[in-house]
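Using my numbering, the letters of the sequence shown map in sequence onto residues 784 to 907.
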Amino acid sequence: MNVTLWIITGLLAAAFLAAGLMKSTRSREKLAASGMTWVEDFSPGMVKAIGVLEALAAVGLILPAALDTAPVFVPLAATGLVVTMIGAVVVHVRRKENQAILPSAVFLILAALVAWGRFGPYSF
C-alpha cells in the first residue's frame, strides 16, 4: 500500500502542480477561453490564489517526505486538496458543468486516500 500511496501522491502532485501553475500564470480570460469557464464566477485574484495554493499543495505532497523533513505536511497538503476539490465539485454542480464533476470527484477521492493513508496506517 505504501507504493500505491506514493504513486497516487506523485500523480496528484504532477496534476496539481501543472494546474496550479496554469491558474497562477494565465489570465482569467485565457483560462475561460481554454474551457475553464468556472473562472467567470471568481475574481482574477481568487483564481490566482487557488492556483498558488494548488501548486504549494503539490510541493507539500512530495518534498516533506522525500527530504524526511516534517513529513506530517504530506497528509496536511492532501487534506488541503480535499477541501479544494470539495469546492470544485460544488462549483461544477452549481454551474451544471457535468463533464467537470467526475474528474474533480476523482481527484477528491485520491487526495482523501492519501490523507487517510499518511495520517493513519501508512504514516511516515
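For each residue, glycine too, the CB sits at the ideal point set by N, CA and C.
Measuring alpha carbon to alpha carbon, tell me which of the options ends up nearest residue i.
i	options	result
Thr-792	Val-835, Ile-869, Val-865	Val-865
Gly-803	Ala-841, Gly-818, Ala-816, Pro-886	Ala-841
Val-830	Arg-809, Leu-839, Ala-848	Arg-809
Ile-892	Gly-863, Val-876, Arg-878, Tyr-905	Gly-863
Are the beta-carbon atoms of residue i and residue j separated by less than 9 Å?
i	j	result
Trp-821	Val-857	no
Leu-794	Met-805	no
Phe-890	Ala-801	no
Ala-838	Pro-847	no
Ser-817	Gly-834	no
Asp-851	Phe-907	yes
Ala-861	Ala-832	no
I think residue i touches residue j, with their Cβ atoms under 8 Å apart; what is that distance to the nearest whole Å?
i	j	result
Thr-867	Leu-836	7 Å
Ser-887	Val-872	5 Å
Please classify residue i: is it buried, with 16 or more other beta-carbons within 10 angstroms of its beta-carbon, or exposed?
i	result
Gly-900	buried
Leu-885	exposed
Ala-883	buried
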